[in-house]
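Comments concern the structure below.
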Amino acid sequence: MKSFVILISVLILQGFTFTSQKPATEGILSKEEQKLYELIMEYRKSKGLPPIALSAKLTKVAQAHARDLSENYKFDFDNKCNPHSWSKNGKWSPCCYTNDHKEAKCMWDKPREIADYAGNGYEIAYYSSKGATAEEGLTGWKASPAHNPLIVNEGIWNQVQWKAIGIGLYGEYGIVWFGEVEDDATPAPAPKQAPASKRRSS
5 MKSFVILISV LILQGFTFTS QKPATEGILS KEEQKLYELI MEYRKSKGLP
55 PIALSAKLTK VAQAHARDLS ENYKFDFDNK CNPHSWSKNG KWSPCCYTND
105 HKEAKCMWDK PREIADYAGN GYEIAYYSSK GATAEEGLTG WKASPAHNPL
155 IVNEGIWNQV QWKAIGIGLY GEYGIVWFGE VEDDATPAPA PKQAPASKRR
205 SS
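Residue 5 is where the sequence shown starts when you use my numbering, and the numbers rise one by one after that.
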């Protein structure tokens with residue numbers, strides 16, 4: 005099974021094995037997205053770190069990107085445009101994010117462009133040919149020397165205070181956005197009995 009883990013800021017590529025569920029309606033967390041948020045907060049708590057407020061704006065960006073990747077991006081290790089890229093099939097400026105990071109600004113600006121978020125965004129993402137899930141996603145990120153420090157504020161992130169986080173899972177992709185600016189809007193949790201049609205599995 006192919007898998008791929010990426011981080012916009014540290015920008016180290018790693019291979020892992022993962023699996024996901026497609027989310028509910030935009031702006032509403034699916035149960036699996038809510039689970040991923042809770043798992044990340046539990047992990048931070050185990051490190052003596054405070055929780056990060058769930059952001060409706062960053063969640064909108066995360067969900068949009070996960071869906072865009074699943075529907076419009078062809079995963080291939082030889083693809084010059086890595087999964088931090090955005091297609092032309094949405095209400096955003098498209099960009100091909102290459103491994104030389106020349107398009108980094110396109111990525112940092114996406115929360116402002118899509119959701120009117122006031123600060124830069126920092127994205128971690130993974131791909132699994134069998135679909136993305138909360139537990140396997142976090143397990144992979146924790147094992148990654150590039151991703152784990154961002155989640156638990158270590159290394160180059162030790163002076164950063166995350167004030168907002170957004171979660172998106174769709175098909176083969178799991179996306180988490182971190183931000184240093186507070187967002188006063190919180191996404192709604194998934195309904196207790198969401199219609200099966202809105203929780204499609206890949």
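Heads up, the beta-carbon is just placed ideally off N, CA and C, and yes, glycines get one too.
Note that the coordinates shown come from a computational prediction; the quantities given were computed from them, not determined experimentally.
Asked                                                                                                                                                        : Found
Which first and last residues belong to the alpha helix (DSSP H) in which residue 184 is found?                                                              : Where residue 184 is concerned, there is no enclosing alpha helix (DSSP H), given that its DSSP letter is neither H nor E.
At the level of alpha carbons, what is the spacing between residue 32 and residue 56?                                                                        : 18 angstroms
Ordered along the chain, which non-local residues of its own chain (more than five positions away) have a Cβ less than 8 angstroms from that of residue 189? : 59, 60 and 61
Are three or more beta carbon pairs between the stretch 127-142 and the stretch 167-182 nearer than 8 angstroms?                                             : yes
Checking the sheet assignment: what are the DSSP bridge partners for residue 126?                                                                            : 182
Tell me the residue span of the alpha helix (DSSP H) that contains residue 40.                                                                               : 35-50
Quick one: complete alpha helix (DSSP H) runs, 4+ long, within the stretch 55-79?                                                                            : 60-76
Can you tell me where the beta strand (DSSP E) with residue 154 in it begins and where it stops?                                                             : No beta strand (DSSP E) contains residue 154, which is instead part of the alpha helix (DSSP H) from 152-155.
Cα-Cα, which of 125, 141, 166 and 122 is closest to residue 131?                                                                                             : 141
Give me whichever residues DSSP pairs with residue 168 in a beta bridge.                                                                                     : 183
Please confirm whether residue 65 and residue 170 have their CB atoms less than 8 angstroms apart.                                                           : yes
Where residue 74 and residue 119 are concerned, what is the direct C-alpha to C-alpha distance, given to the nearest angstrom?                               : 20 angstroms
Run through DSSP, which three-state label would residue 90 get?                                                                                              : strand
Pull up the distance between the alpha-carbon of residue 84 and that of residue 184, whole angstroms please.                                                 : 30 angstroms
Can you tell which of 103, 68 and 106 has its C-alpha closest to the C-alpha of residue 207?                                                                 : Only positions 5 to 206 of the chain appear in the structure, and residue 207 is not among them; the question remains open.
Have a look at residue 27 and residue 63 and give me their C-alpha separation to the nearest angstrom.                                                       : Here the model assigns residue 27 a pLDDT of 42, short of 50, so the residue's position is not dependable, and the following value carries that caveat. Cα-Cα distance, rounded: 11 angstroms.
How long is the line joining the alpha carbons of residue 50 and residue 157, rounded to whole angstroms?                                                    : 13 angstroms
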